[in-house]
Structure formats: C-alpha cells, structure tokens
Amino acid sequence: MPEGHTLHRLAAQHTELFTDTRVAVSSPQGRFAAEAARLDGLVFDRAEAWGKHLFHRYAPPHTGGASGAVVHVHLGLYGAFTDFERPVAPVGQVRMRVVGPRGGTDLRGPAACGLVTEEDVDRILARLGPDPLRAECAPDTAWHRISRSTRPIGALLMDQRVIAGVGNVYRAEVLFRSGIDPHRPGRAVSRAEFDGIWCDLVALMPIGVARGRMHVVRPEHDHGAPAYAPDRPRTYVYRRAGEPCRVCGTPVPTEVMDGRNLFWCPVCQT
Ligand SMILES: [Zn+2]
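In the working numbering, each residue carries its 1-based index in the sequence shown increased by 347.
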C-alpha cells in the first residue's frame with residue numbers, strides 16, 4: 348500500500364499540473380461519472396495530502412474562491428495515478444481522469460474516490476493522527492496514545508489514528524533504526540525513544556517525497572545485500588526474512604502482526 352510520502356508527492360505533482368487551470372474531468376469507467384460531470388470545466392485550486400488521503404480542491408469559476416468542490420481519494424492497496432502529456436484512449440478501469448492544459452492523470456483502482464463536503468473532510472481528518480510530513484503537526488497526540496497503550500509499538504505505528512502516513516515499510520525501518528523491538532508495548536516506549544521515532548519520520552519521509560522512493564539505510568550500512576526486489580529501495584529488515592541483518596548478521600525473522608507482515612532484528616532491536 349502506498350505510504351504517506353507517495354500521497355504528498357502526488358499532491359505536489361497534481362498542484363503543479365492543474366492549479367489555476369480549467370480542467371476536464373471524466374470517468375471513462377463510469378463509476379465516478381455523475382461526480383465527474385459536476386467537476387468538469389471547473390478551475391482546479393490545489394491538491395493536498397494528509398497521511399494516506401489525497402484531496403483535490405476545486406474553485407468555482409464564477410467566484411475564483413477556494414471553497415469549491417473537494418474530491419477525496421484513498422488509493423488503498425491497488426490504486427494508482429498514471430500521468431500523461433496528451434490524452435490517449437483510456438486503458439483499463441479508469442475511475443477518474445483529470446486533464447488540464449499542462450497534461451493529465453488517470454486514477455485506477457482506488458479504495459475511495461468521491462465528492463465530499465468540508466464536513467466530510469473534517470471527519471476524515473479528525474480520525475487521523477499527526478502527519479510527520481505536515482509542518483503544523485505536533486507529535487503530542489501520538490505520544491499521548493502510544494504512552495497509554497498496551498498494544499505493541501509495531502501495531503501502533505501502523506494505526507492511522509496514531510500517526511498518519513506510516514505504512515509497513517516505514518514502520519519496520521524506523522523501528523529498526525531506533526533499536527526498538529516492534530513487540531514492545533507502547534507504554535514501555537520512553538518519551539525520548541518516541542521523540543527519536545518522530546524525528547526520524549520527519550527526516551526520512553521528505554526524502555521519500557523528493558525522490559519518489561524511500562531512502563532508509565544509513566550510508567555506513569548501505570552495502571552488501573541488494574534491495575528485496577528490482578527497482579525497490581534497500582531496506583534494513585522490510586521483506587528481508589531469512590536474510591542476514593545488515594548490522595549484526597542475524598537472520599531477519601518475520602511474523603504476521605494485525606494482518607500485516609512484520610520484519611525486525613531480534614538482536615539490534617530490544
Ligand atoms: Zn541486527
């Protein structure tokens with residue numbers, strides 16, 4: 348599933364592509380057709396991301412204001428945007444197509460794509476914890492939840508109500524970099540350790556936004572075993588089950604925690 352850096356990168360790309368231009372919106376697949384008809388021809392204001400949620404904001408053409416329609420997108424496991432310079436015949440199940448004078452994008456396979464109200468936006472944001480990629484977000488509410496919880500820190504970091512935008516890869520890698528066993532209960536994590544996790548996310552996730560891929564292995568460890576798959580980032584533990592830890596050589600174990608595969612080093616993480 349795409350993690351927060353992917354959504355923030357999409358928001359920046361869509362803002363650059365469409366802001367202050369009149370866009371054509373359609374739903375070649377048909378499942379977003381009624382909503383697309385209401386958006387078609389409006390001026391695109393901006394795109395924003397919060398955690399794994401993306402919002403397209405439209406300005407009504409007669410006002411030029413910023414309080415127009417809002418489209419909410421959650422990519423889920425399979426959703427993806429594909430950009431193009433000139434419109435081509437849609438391939439596959441394109442839920443939403445947005446085309447402006449500078450190019451366009453096709454959305455396929457999202458878990459959610461709908462026209463929402465400002466109240467809906469507020470409800471969605473109210474369910475989300477602080478996003479390390481949003482400068483205005485303070486980590487205090489995340490610390491409040493973690494420090495009172497008996498749930499393992501590995502599960503808490505995946506919970507979007509605790510921290511928004513962290514997925515399976517950042518969860519595994521940040522816990523490795525912090526030396527914290529993912530099974531440790533939240534309330535056994537110290538404030539200093541939590542601050543370390545938060546600061547690491549604040550440092551790492553913008554690199555993912557800028558490069559379009561994660562970069563989590565420190566230079567001194569960035570040698571030896573290649574990435575877990577071609578064209579994927581090198582990781583310390585994520586999807587390296589059975590491979591030697593990049594730091595201590597211990598084989599990386601894996602297990603399922605809350606329905607998602609977990610990876611860690613039992614020696615480096617305590
Ligand atoms: Zn190790």
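Even for Gly, the Cβ is constructed at its ideal location relative to N, Cα and C.
In this text, all values refer to a predicted model and were calculated from it rather than measured experimentally.
CA-CA distance, R404 to H562, rounds to 30 angstroms. Y583 is the residue among D578, A359, Y583, I554 whose C-alpha sits nearest the C-alpha of E567. Check the Cα spacing between M604 and each of H570, I500, G559: the tightest is with I500. One Cα belongs to A519, the other to A458, and the distance between them is close to 24 angstroms. Secondary structure at W611: coil, using DSSP grouped into helix, strand and coil. Under the DSSP assignment, E432 falls outside any beta strand (DSSP E); it carries neither an H nor an E label. By the criterion of a C-beta distance shorter than 8 angstroms, R481 is surrounded in its chain by W397, once the five residues flanking it on both sides are discounted. Here M443 is near V372, since their CB atoms are less than 8 angstroms apart.
Cβ atoms of P477 and T368 stay farther apart than 8 angstroms, at about 32 angstroms. In this structure, V564 has its CB at a distance of at least 7 angstroms from all heavy atoms of ligand 1. Taking all protein chains shown into account, I544 has 16 or more neighbouring C-beta atoms within 10 Å of its C-beta and is therefore buried. Annotation: the segment 423–484 contains the following complete segments of the beta strand (DSSP E) (minimum length 3 residues), in chain order: 427–431, 441–447, 450–455, 459–463. 8 angstroms or more divides the Cβ of G606 from the Cβ of M552.
Using a cutoff of 7 angstroms, the CB of C484 does not count as near ligand 1, since none of the ligand's heavy atoms is closer than that.
By the Cβ neighbour-count rule, L424 is exposed, with fewer than 16 other Cβ atoms within 10 Å of its own. In the three-state scheme derived from DSSP, where H, G and I count as helix and E and B as strand, V549 is classed as helix.
In this structure, DSSP gives V417 an extended state, which the three-state scheme calls strand. Between L386 and A358 the beta-carbon gap is near 17 angstroms, outside 8 angstroms, which marks them as no contact. Judged by their CB atoms, G461 and H400 are not nearer to each other than the 8 angstroms cut-off.
Excluding residues up to 5 positions away in sequence, Y425, G426 lie with their Cβ nearer than 6 angstroms to the Cβ of G456 in the same chain. In the three-state DSSP reduction, H530 falls in the coil class, being neither helix nor strand. Of the candidates R492, H491, R581, V468, the residue whose Cα lies closest to the Cα of H421 is V468. Each of T362, N515, A380 was checked against the Cα of V390, and the nearest Cα belongs to T362. Inter-residue distance for E466 and R393 is about 18 angstroms (C-alpha atoms, whole angstroms). Boundaries of the beta strand (DSSP E) around D392: 390–397. Distances between the C-beta of V521 and the heavy atoms of ligand 1 are all 7 angstroms or more.
Our two residues, P573 and P580, have alpha carbons roughly 9 angstroms apart in a direct line.
Around the C-beta of A539, fewer than 16 other C-beta atoms lie within 10 Å, and the residue is accordingly described as exposed.
At least one heavy atom of ligand 1 sits closer than 7 angstroms to the Cβ of T597.
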